[in-house]
Amino acid sequence: MKNKKGFTLVELVIVIAIVGILAALLVPMMMGYVKKARLRQCNANAKVAYNVVTGVQGQKLIDGDDYHIDDVEIDLRGAEPIPNDELGRMIYHSIAANAKNSGIMYIGTRGKDDSGDDLLYVQWIMKPGDTMVGQYPNASNDVNHVPTWKTYKDD
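Counting the sequence shown from 1 gives a position; the working numbering is that position plus 2.
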């Protein structure tokens with residue numbers, strides 16, 4: 003009696019074809035998850051920076067100081083020096099000191115409130131030219147409809 007062991011060539015080709023089809027279906031889905039995770043991270047960083055900015059503003063108001071923030075970009079990547087202004091230091095210690103290569107943030111104004119004070123927003127990118135822009139407030143959850151860098155988007 004002949005004892006056969008192993009797989010035939012046809013069986014191996016069928017298994018390889020099935021694995022190829024599954025990979026073709028799953029890889030695009032996984033890339034969507036990666037993009038969503040990056041957008042969530044950028045939105046979370048923008049929210050932390052926004053909270054720091056409004057905290058500094060609130061403390062200045064309590065202290066009786068008139069503290070106005072102009073549109074400003076702060077680079078918190080790598081070995082960048084700690085910014086000289088108080089707001090920059092607070093943001094650096096809140097974000098960059100805990101995560102090297104943190105990214106770049108932008109503080110902008112989106113109009114005025116009823117009392118005439120600026121309404122602020124913060125955007126966040128990982129590196130220059132990045133198209134995945136996190137924003138707070140009104141963060142986008144759709145990777146296909148993210149705001150443009152330094153342009154407020156109200157969803």
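All residues carry an ideal CB built from backbone N, CA and C; glycine is no exception. No experiment lies behind these values; they were computed from the predicted model shown.
Taking 6 Å as the limit between beta carbons, can you name the residues of its chain near residue i, skipping five residues before and five after?
{"i": "Glu75", "result": "Tyr108"}
{"i": "Pro149", "result": "Val135, Gln137, Lys155"}
Can you give me the C-alpha to C-alpha distance between residue i and residue j, rounded to a whole angstrom?
{"i": "Met2", "j": "Ala39", "result": "The question about residue 2 has no answer here: the residues shown for the chain are numbered 3 through 157."}
{"i": "Val17", "j": "Lys6", "result": "19 Å"}
{"i": "Glu13", "j": "Gly22", "result": "14 Å"}
{"i": "Asp132", "j": "Met31", "result": "21 Å"}
{"i": "Gly8", "j": "Val29", "result": "30 Å"}
Determine whether the beta carbon atoms of residue i and residue j lie at a separation below 8 Å.
{"i": "Gly57", "j": "Leu78", "result": "no"}
{"i": "Leu63", "j": "Val145", "result": "no"}
{"i": "Gln125", "j": "Ala19", "result": "no"}
What does residue i pair with, by DSSP beta-bridge criteria?
{"i": "Tyr108", "result": "Glu75, Gln125"}
{"i": "Lys155", "result": "Paired residues: none, contrary to the question."}
{"i": "Gly136", "result": "Trp126"}
Output needed for residue i: all residues of its chain with C-beta closer than 7 Å, excluding positions within five of it in sequence on either side, in chain order.
{"i": "Val54", "result": "Met92, Ile93, Ser96"}
Using a Cβ-Cβ cutoff of less than 8 Å, which residues in the same chain neighbour residue i once the five nearest sequence positions on both sides are dropped?
{"i": "Leu121", "result": "Thr111, Arg112, Gly113, Lys114, Asp115"}
{"i": "Asp73", "result": "Tyr108, Ile109, Gly110, Thr111, Lys152"}
*Quick one: complete beta strand (DSSP E) runs, 3+ long, within the segment 6-66?*
none
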